[in-house]
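Shown next, in structure tokens, is the structure this report addresses.
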Amino acid sequence: MLPYLALSLAMLLWASSFIALKYVFSVFDPIVVLFARMVIATLCLLPLMLRPGVRRRYQQGDWKWLAALALAEPCLYFLLEARALVYTSASQAGVITATLPLLTSLGALLFLKERLGRSAWLGIAVSFAGVLWLTLTGEQSAEAPNPLLGNLLEFLAMVCATGYILIAKKLSVRYSALVITAAQTVLGMLWFGTLLFTPWVTLPQTLPLWPSLWVLYLGAGITLGAYGLYTWAVSRVPVALAGAFVNLIPVFTVLLAWLILGETLTAQQQLACLLVFGGVLVSQHKPAKAGGQTAQA
2 MLPYLALSLA MLLWASSFIA LKYVFSVFDP IVVLFARMVI ATLCLLPLML
52 RPGVRRRYQQ GDWKWLAALA LAEPCLYFLL EARALVYTSA SQAGVITATL
102 PLLTSLGALL FLKERLGRSA WLGIAVSFAG VLWLTLTGEQ SAEAPNPLLG
152 NLLEFLAMVC ATGYILIAKK LSVRYSALVI TAAQTVLGML WFGTLLFTPW
202 VTLPQTLPLW PSLWVLYLGA GITLGAYGLY TWAVSRVPVA LAGAFVNLIP
252 VFTVLLAWLI LGETLTAQQQ LACLLVFGGV LVSQHKPAKA GGQTAQA
């Protein structure tokens with residue numbers, strides 16, 4: 002049971018990042034938060050990456066793929082998500098993350114020539130319909146002043162995350178997950194550090210205790226805690242099973258947003274969420290083999 006507990010806890014940690022970001026963005030400029038998160042994560046990861054035995058076999062031209070990977074995530078991904086959480090609620094943003102497995106399957110079809118079955122196509126259509134319904138029925142509130150724009154930006158963030166996953170799969174043959182993650186944080190630190198000098202970024206005049214601790218949690222707790230738990234669990238259970246746990250993130254996000262931020266969803270939005278989750282479940286359905294059907298008969 003320990004690997005499944007570790008996977009569940011990792012998903013809970015990742016879901017909590019939406020709550021933490023929504024909170025700290027109300028205190029600090031999003032670019033400042035993202036830069037600090039990258040710096041903290043880099044300081045945590047570099048000592049681990051420099052240990053002997055970590056797999057890193059550089060080949061000529063890999064720098065282009067590493068740059069593209071970091072541009073997709075964390076650079077564009079976090080930039081889009083930061084703006085999304087300004088306009089939409091943490092609950093709605095969390096639900097849209099449920100489309101990531103479906104977008105990844107679609108990307109694998111287009112770029113890796115991995116074929117999809119009828120269930121996968123049906124699941125993609127149903128889930129996207131749910132996201133569209135969730136977005137169009139979003140009502141303006143203090144937590145979501147422009148849910149239509151916010152949900153669109155969050156969806157674009159998921160497109161960037163899909164690009165990251167596809168590139169990471171290509172690089173994982175020569176680089177360990179630890180090296181790939183460290184490369185992301187270093188390049189992300191340079192990216193957001195450069196954006197600090199733009200005129201539309203407001204630098205903090207003070208560092209309030211609790212918001213600062215939440216930023217530390219985002220950089221160290223999420224990076225090391227969620228990453229460490231997920232990596233340990235994947236080494237002990239099938240990868241496909243571990244991937245299915247990702248669908249817990251939107252569920253945990255909605256619950257945490259309700260408990261901590263007091264966010265609620267309308268009846269239509271709740272139905273839209275069920276449609277999104279239903280699409281994800283349908284997409285994971287595998288048709289039974291003929292032999293299995295005969296045995297059941």
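Here the sequence shown stands for residues 2 to 298, numbered as in our numbering.
Ideal Cβ positions, reconstructed from N, Cα and C, are used throughout, including at glycine.
For clarity, every value in this text was computed on a predicted model and none was experimentally measured.
| Asked | Found |
| --- | --- |
| Cα-Cα separation between Ala-99 and Val-281, rounded to whole angstroms | 7 Å |
| Alpha-carbon spacing of Phe-36 relative to Pro-212, whole angstroms | 15 Å |
| Cα-Cα separation between Pro-48 and Pro-146, rounded to whole angstroms | 42 Å |
| Neighbourhood of Ala-296 by C-beta, 6 Å cutoff - its chain only, sequence neighbours within 5 removed | Because Ala-296 carries a pLDDT of 33, less than 50, the predicted location of this residue cannot be relied on, and the following value inherits that uncertainty. Around Ala-296: no qualifying Cβ. |
| Own chain partners of Val-202 with C-beta closer than 8 Å, once the 5 adjacent residues on each side are dropped | Asp-30, Ile-32, Val-33, Leu-196 |
| Closest residue to Tyr-218 among Leu-260, Ile-20, Ser-177 (Cα-Cα distance) | Ile-20 |
| Residues of its chain near Leu-10, where Cβ-Cβ distance is below 7 Å and the 5 sequence neighbours each way are ignored | Leu-230 |
| Contact between the stretch 153 to 165 and the stretch 79 to 92 (3+ Cβ pairs under 8 Å) | yes |
| Inter-stretch contact at 8 Å, needing at least 3 Cβ pairs: the stretch 263 to 273 / the stretch 106 to 122 | no |
| Among Glu-144, Val-25, Leu-133, nearest to Cys-274 - alpha-carbon criterion | Leu-133 |
| Under 7 Å between C-beta atoms of Gly-226 and Ala-42 | no |
| Residues bridged to Arg-84 (per DSSP) | Its beta-bridge partners do not exist; DSSP assigns none. |
| CA nearest to the CA of Met-12, picked from Leu-262, Thr-254, Val-277, Ala-126 | Thr-254 |
| Cα-Cα separation, Leu-101 to Gln-185 | 19 Å |
| Element boundaries [alpha helix (DSSP H), containing Met-190] | 178 to 196 |
| DSSP beta-bridge partners of Arg-57 | Tyr-176 |
| Beta-carbon proximity check, Ile-223 vs Ala-69, cutoff 7 Å | no |
| CB of Val-180 within 7 Å of CB of Arg-38, strictly | no |
| Ser-17 versus Leu-204: straight-line alpha-carbon distance, rounded | 25 Å |
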